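A.B. asks:
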Amino acid sequence: MKYTIEGFNQRNAISMGLNSEDLVLLRWFVDFKNTNDMKKIYLNEVNDMGYWVSYSYLIQELPILFSLHPSQTLEDYNSLTAKEKMELDKKYIKACKQKIKRMLSGNLSKVLLRNKSTERNSDGKVKSDIYIHLNPTVFKLLISDDITEVQKCTTATEVQKCTTVTEVQKCTIYPSTINTYPSTTTLKKKSKDFSSDNKNENIVLIESKTHLKLDSKYKINKASKWDIERLTKAIGIFIENEGQYFSLLEKIYKDDKNFVPKKDKKFNSKLDEYNDRCNMTIEVDGKLVNTKELGEDLNRLIEERNSNSNQFGNLVKNCIESEFYYNNLSPRTKQNVTKYILENYKEVPNWIR
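The sequence shown stops at residue 1342 when you use this note's numbering, and every number in between is there.
1. Tell me which residue opens and which closes the beta strand (DSSP E) that Thr1107 is part of.
2. Should Met1075 be labelled buried (16 or more other beta-carbon atoms within 10 Å of its own) or exposed?
3. Here's the rule: buried if 16 or more other CB atoms are within 10 angstroms of the residue's CB, otherwise exposed. What is Tyr1031?
4. I need the straight-line Cα distance from Val945 to Lys1029, nearest angstrom please.
5. Report all residues from its chain with a CB closer than 7 Å to the CB of Leu1007; omit the five preceding and five following residues, and keep chain order.
6. With 16 other CB atoms within 10 Å as the buried threshold, where does Thr1107 fall?
7. Determine the extent of the beta strand (DSSP E) in which Asp1037 is found, giving its start and end residues.
8. Which residue or residues does DSSP assign as beta-bridge partners of Ile1121?
9. Tell me whether Leu1237 sits in a helix, a strand or coil according to DSSP, three-state version.
10. With burial defined as no fewer than 16 other Cβ atoms inside 10 Å of the residue's Cβ, what is the status of Gly996: buried or exposed?
11. Rounded to the nearest angstrom, what separates Asn1247 and Arg1219 at their Cα positions?
12. Identify every residue that forms a DSSP beta bridge with Asn998.
13. Please report the residue range of the alpha helix (DSSP H) in which Leu1077 lies.
14. How would you label His1200, buried or exposed, when you count the other beta carbons within 10 angstroms and need 16 or more for buried?
15. How far does the beta strand (DSSP E) with Tyr1031 in it reach, from first residue to last?
16. What are the boundary residues of the alpha helix (DSSP H) that includes Pro1320?
17. Based on Cα-Cα distance, which residue from Lys1222, Asn1189, Asp1244, Pro1250 lies nearest to Ser1213?
18. Considering only residues of the same chain and omitting the five flanking positions on each side of Val1249, which have a CB-CB separation below 7 Å?
19. I'd like to know whether the C-beta atoms of Tyr1044 and Ile1089 end up nearer to each other than 9 Å.
20. From Val1148 to Arg1016, what distance separates their C-alpha atoms?
21. What residue does the alpha helix (DSSP H) around Leu1012 start on, and which one ends it?
22. Identify the residues that DSSP records as bridge partners of Lys1116: which are they?
23. Pull up the distance between the alpha-carbon of Tyr1242 and that of Asn1230, whole angstroms please.
24. Over the uninterrupted alpha helix (DSSP H) stretch that includes Asn1067, give me the two end residues.
25. Within 10 Å of its beta-carbon, does Lys1335 have 16 or more other beta-carbons around it, so buried, or fewer, so exposed?
26. Rounded to whole angstroms, what's the CA-CA distance from Ala1071 to Thr1221? Just pull it up for me.
27. Which residues in the same chain have their Cβ closer than 7 Å to the Cβ of Trp1215, if we skip the five residues on either side of it in sequence?
28. Locate the alpha helix (DSSP H) running through Val1249, then write down its first and last residues.
29. Please identify the residue among Phe1055, Leu1077, Asp1065 whose C-alpha is closest to the C-alpha of Gln1087.
30. Who are the Cβ neighbours of Tyr968 in its own chain at under 7 Å, not counting the five residues just before and after it?
Below is the structure:
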């Protein structure tokens, strides 16, 4: 095995899950940060310098990381209009930036740590930027094979990210003896994957039900904290809408309106039918009053007149003839009417039984 790739220990890089593209980007960052052309700021949280990376500039500097520009792949590119060329260029740049984000959120995040810095400009507006800085402990392992003591790192649910020597979890970096490297077959057996053997239930659900693969600490930490019942519904909506990205699933999960209980259409139609038909007029204190105008007082009036045989007789008759009328009675009145009908009538409607 070749000792170094881009100046980094190849064996230890493989242990951390880094690929050749990760090492190319890392080498560019290390070389470029030592120049005066990179915007930088002191980060109090880590007591180190952070560097701001322009994605557009990175795309120009490292075209080898990305697919060819449409101008090099489309035969009829020169025949396109300026507007069409501009649209293709926008899509290409967007795709390249998304790849950079995926790389920085993946295993490369073990070496390149990101910190958010908030500043207020001269106009009083708040501006936030992401600054990148090296993880000194992990970077040391990539540029040296002389490991005399066990390195320590933090543990995330899926992605293990080595940090300072004050942490408590061991990194899977093999101690070196005499710079003798094992064969490729042996290395595959020894190399440990930084992902967890026991995945979170939410992660398993997402990856089994959708095409999504949660390959970054950000996504894993987010999804691991979600309520599984709500997540199950969100996945259903995600699939129904032919979702493609994790960001859409997250948006669906956070939107409360997606989880409002749906009303029963059959119930609504029956209720509307009842409201139309149950428009009766009864006598109250010598006056004819529409039942809809009485509202909650209707049940009270009926209960007060249960002792009156004529009123009660009409009430029983209405209950036998109308299921809607019967179902609208108060619980107490319905109990009395039901008992009376079952004791005195041979033929009883289904809704009363």
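Think of the CB as a built atom: it goes at the ideal place given N, C-alpha and C, for glycine as much as any other residue. Keep in mind it's a predicted model, so treat the numbers as computed, not measured.
C.D. replies: Answer, in terms of the structure:
1. 1101-1109
2. exposed
3. exposed
4. Because the chain spans 990 through 1342 in this model, residue 945 falls outside it and cannot be assessed.
5. Asn1096, Leu1097
6. exposed
7. 1037-1040
8. Tyr1040, Arg1103
9. helix
10. exposed
11. 10 Å
12. Thr993
13. 1071-1094
14. exposed
15. 1029-1032
16. 1320-1333
17. Asn1189
18. none
19. yes
20. Note on Val1148: pLDDT 36, under 50, position unreliable in the model; no value is reported.
21. 1009-1022
22. Glu1108
23. 13 Å
24. Unbroken run through Asn1067: none, as it is neither H nor E.
25. exposed
26. 45 Å
27. Asn1191, Tyr1242
28. Where Val1249 is concerned, there is no enclosing alpha helix (DSSP H), given that its DSSP letter is neither H nor E.
29. Phe1055
30. Lying outside 990 to 1342, the shown extent of the chain, residue 968 is not represented and no answer is given.
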